[in-house]
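**Student:**
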Amino acid sequence: MTMRRLVLPSLALAAAFGALSLAWTGARAQGLVADLSDHFVAITAGFTGTDVLLFGALDEEGDVAVVVRGPEQDVVVRRKDRIAGVWANADELTFEAVPTFYAIAANRPLDDLAPRPVLERNQIGMRNIRFNAMEPDVTEVETARFIDAFIRIQKRQRLYSDDLGTVTFMTGRLFRSRLVFPSNVPVGVYTVQVFLIRDGEVLSAQTTPLNIDRTGIGAEIFLFAHRHAAAYGALAILSALVAGWLAGQIFKRR
Amino acid sequence: MQIYLPIAEMSVDVLLLLGLGAGVGFLSGMFGVGGGFLMTPLLIFIGVPPPVAVASEANHITASSVSGVLAHWLRKGVDFKMGAYLLVGGMVGSSAGVWLFGVLSELGQIDLAISLLYVIFLGIVGILMAQESVRTILRRRHHPGPAKRIRQPRWVRSLPMKIRFHKSRLYISAFLPIGVGAGVGVLAGLLGVGGGFILVPAMIYLLGMPSSVVIGTSLFQVIFVTANVTFLQSVTNQTVDVMLAFFLLIGGVVGAQYGARVGARLPGEQMRGLLALLVLAVAVKLLLDLVITPDDLYSLQVLDRVE
Chain A
117 MTMRRLVLPS LALAAAFGAL SLAWTGARAQ GLVADLSDHF VAITAGFTGT DVLLFGALDE
177 EGDVAVVVRG PEQDVVVRRK DRIAGVWANA DELTFEAVPT FYAIAANRPL DDLAPRPVLE
237 RNQIGMRNIR FNAMEPDVTE VETARFIDAF IRIQKRQRLY SDDLGTVTFM TGRLFRSRLV
297 FPSNVPVGVY TVQVFLIRDG EVLSAQTTPL NIDRTGIGAE IFLFAHRHAA AYGALAILSA
357 LVAGWLAGQI FKRR
Chain W
4 MQIYLPIAEM SVDVLLLLGL GAGVGFLSGM FGVGGGFLMT PLLIFIGVPP PVAVASEANH
64 ITASSVSGVL AHWLRKGVDF KMGAYLLVGG MVGSSAGVWL FGVLSELGQI DLAISLLYVI
124 FLGIVGILMA QESVRTILRR RHHPGPAKRI RQPRWVRSLP MKIRFHKSRL YISAFLPIGV
184 GAGVGVLAGL LGVGGGFILV PAMIYLLGMP SSVVIGTSLF QVIFVTANVT FLQSVTNQTV
244 DVMLAFFLLI GGVVGAQYGA RVGARLPGEQ MRGLLALLVL AVAVKLLLDL VITPDDLYSL
304 QVLDRVE
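So the sequence lines, in the order shown, correspond to chains A and W. Going by my numbering, the first residue of the first sequence is number 117, and it counts up by one from there. Going by my numbering, the first residue of the second sequence is number 4, and it counts up by one from there.
(1) By the DSSP assignment, the beta strand (DSSP E) with Q270 (chain A) in it spans what residues?
(2) Rounded to whole angstroms, what's the CA-CA distance from A352 (chain A) to N62 (chain W)? Just pull it up for me.
(3) Output yes if chain W places a C-beta closer than 9 Å to the C-beta of D190 (chain A); else output no.
(4) For chain W, is any of its Cβ atoms less than 9 Å away from the one on F291 (chain A)?
(5) Using a beta-carbon distance below 9 Å, is D82 (chain W) in contact with chain A?
(6) Would you tell me roughly how many angstroms separate the C-alpha atoms of Y218 (chain A) and Y276 (chain A), rounded to the nearest one?
(7) Measure the alpha-carbon distance for V225 (chain W) versus L293 (chain W) and round it to whole angstroms.
(8) Does any C-beta atom of chain A lie closer than 9 Å to the C-beta of Q224 (chain W)?
(9) Rounded C-beta distance between L229 (chain A) and A181 (chain A)? I'm assuming under 8 Å.
(10) Cβ closer than 7 Å: which chain W residues qualify as neighbours of I159 (chain A)?
(11) I want to know whether the stretch 308 to 318 of chain A touches the stretch 234 to 254 of chain A - three or more CB-CB distances under 8 Å.
(12) Along the chain, where does the beta strand (DSSP E) containing E251 (chain A) start, and where does it finish?
(13) At 4 residues or longer, and completely inside the stretch 199 to 261 of chain W: list those alpha helix (DSSP H) runs for me, N to C.
(14) Report buried or exposed for T284 (chain A), applying the criterion of at least 16 other Cβ atoms within 10 angstroms of its Cβ.
(15) If M246 (chain W) and I267 (chain A) are in contact, beta carbons under 8 Å, what's the gap, nearest whole angstrom?
(16) Taking beta-carbon pairs under 7 Å, can you tell me which members of the stretch 189 to 209 of chain A lie near chain W?
(17) Mind reading off the beta-carbon distance from R294 (chain A) to T282 (chain A)? Whole number of angstroms is fine, and I expect it under 8 Å.
(18) Since M13 (chain W) is in the beta strand (DSSP E), which residue starts that stretch and which ends it?
(19) Along the alpha helix (DSSP H) that carries V283 (chain A), what are the first and last residues, could you check?
(20) With distances taken between CB atoms, is the gap from T229 (chain W) to G80 (chain W) smaller than 9 Å?
(21) Mind listing the chain W neighbours of G162 (chain A)? Cutoff is C-beta to C-beta under 9 Å, in chain order.
(22) For T296 (chain W) versus V57 (chain W), is the C-beta distance shorter than 9 Å?
(23) Is there a C-beta anywhere in chain A that falls below 9 Å from the one on Y121 (chain W)?
(24) In its own chain, which residues sit with a C-beta less than 8 Å from the C-beta of L277 (chain W), not counting the 5 before and 5 after it?
(25) Can you find a C-beta in chain W that's less than 9 Å from the C-beta of T255 (chain A)?
(26) Along chain W, which residues have their Cβ under 7 Å away from the Cβ of T166 (chain A)?
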């Protein structure tokens with residue numbers, strides 16, 4: 117199992133580097149080429165999370181930061197308060213279109229990479245993600261607390277990660293990074309941004325899409341449940357009746 | 004072995020689901036209860052989102068109640084007329100419960116509502132059962148003999164629109180079974196329980212039904228009510244995970260067989276005492292979760308999932 121997992125990406129890597137060297141003249145204009153070992157992650161019935169390999173080359177030496185952003189969604193963050201002795205949700209703040217998944221990787225700590233305004237402008241690092249709170253009359257301090265909580269919870273669920281230093285250079289100019297997606301990864305279209313940074317400036321950036329979607333029986337069940345909700349409900353009841361009856365029969369015989 | 008639950012959108016160990024099914028199935032076989040009141044909190048505890056836990060557990064209860072109701076039917080242990088009146092209330096109540104579930108989810112108060120309702124109802128039922136079983140055990144020890152006949156409260160006997168239920172040998176107001184059915188239905192829609200743990204005591208103490216038809220009739224009502232919850236949750240929230248329900252059922256039928264064998268060897272009042280302890284334990288656990296300061300005061304909910 118581990119052998120296969122290692123061999124396949126390595127082969128893909130070798131083939132891709134072959135392709136890269138052929139396309140070298142075209143890539144030189146940008147100073148950066150990168151690609152993924154897969155552009156589609158299939159969530160099957162046995163999905164336990166997966167790795168996608170990102171690899172690329174620079175035409176001159178420099179630093180590389182990789183940002184993976186999941187599909188954007190509105191998110192409500194709620195805070196509990198003690199009400200009549202019981203902890204209940206009291207205050208809430210809704211953020212508009214925040215990435216449901218965010219991972220950052222770079223070949224050195226972010227602070228050494230570029231000055232803060234540069235990182236902020238490019239939303240490199242989860243503290244630099246732009247959050248738009250939908251309630252206007254909340255103080256900045258309060259908003260910051262809710263943003264901290266959001267990032268903390270997402271990190272706990274492994275949907276946000278900042279394992280820096282996971283971009284590794286193999287020679288001075290060939291780099292790779294392993295992008296880790298846990299089993300609870302949201303489905304949708306992801307973007308993988310690769311930044312080439314030199315002397316604290318972003319020289320070039322490349323964006324590659326990555327599609328994460330359910331396949332197989334799980335996808336069929338999900339789509340059926342959403343597209344034909346009434347039929348799904350009726351079938352769920354019917355199969356429960358049949359399965360329950362069958363189970364009873366099997367044990368009666370014994 | 005991990006399996007990805009398509010509606011819950013998470014991957015869990017199959018053995019964990021089978022184990023949960025078997026464990027709760029064992030207890031429900033032993034005590035003759037549905038076990039929803041144990042399963043739903045356990046599912047939430049292992050990380051299943053509460054809406055999915057409640058809706059899928061309703062689906063699971065439909066399945067696990069079928070063979071029971073058939074067995075009771077063959078033994079003529081189902082009062083269909085009483086069941087029909089209970090159902091009228093049950094359908095209305097469970098529909099209201101599912102609607103209320105949606106409203107509370109939007110307000111962000113569904114977790115609190117679920118926990119509070121569990122604490123209240125499990126607490127009341129647990130204390131009543133514990134009292135009754137202790138009293139019975141003490142009475143047996145001092146004066147062996149048949150238990151006293153249960154008399155309904157006066158206000159119950161004075162309700163209008165009386166109807167004769169031959170099978171239960173009762174002449175009571177139609178509002179009683181309809182009301183009881185409606186109340187239990189609301190709980191089924193909100194809490195993902197069949198409601199047997201409320202329905203059975205209500206049928207015995209409030210309606211005064213003979214114990215020979217109580218279990219069969221309550222299972223009859225539970226099947227329809229949980230089917231209604233399954234359907235409405237599917238249509239309004241798409242939260243029924245058939246994969247989850249399936250694995251719980253497989254574990255459950257096996258566990259229930261062994262539970263029933265153990266249960267057959269224990270005397271009735273001791274069993275009710277044990278069940279009371281179990282019910283109270285769940286209530287206390289949920290109450291502690293409500294009053295102890297949580298590790299993280301914040302929680303988040305993703306809105307309008309774009310598909």
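Note that beta-carbon positions come from the ideal geometry of N, C-alpha and C, so glycine has one too.
**Tutor:** Let me lay it out:
(1) Looking at the DSSP string, Q270 (chain A) is not in any beta strand (DSSP E); the run it does join, the alpha helix (DSSP H), is 256 to 272.
(2) 7 Å
(3) yes
(4) no
(5) no
(6) 5 Å
(7) 29 Å
(8) no
(9) 6 Å
(10) Y7
(11) yes
(12) Note, E251 (chain A): premise wrong, no beta strand (DSSP E); not H, not E.
(13) 199 to 204, 214 to 240
(14) exposed
(15) About 32 Å; that fails the 8 Å criterion.
(16) Q189, D190, V191, V192, V193, R194, R195, K196, G201, V202, W203, A204, N205, E208
(17) 6 Å
(18) 13 to 16
(19) Run containing V283 (chain A): none in the alpha helix (DSSP H); it sits in the beta strand (DSSP E), 283 to 285.
(20) no
(21) M4, Q5, I6, Y7, S14
(22) no
(23) no
(24) F34, L269
(25) no
(26) Simply none; closest approach about 11 Å.
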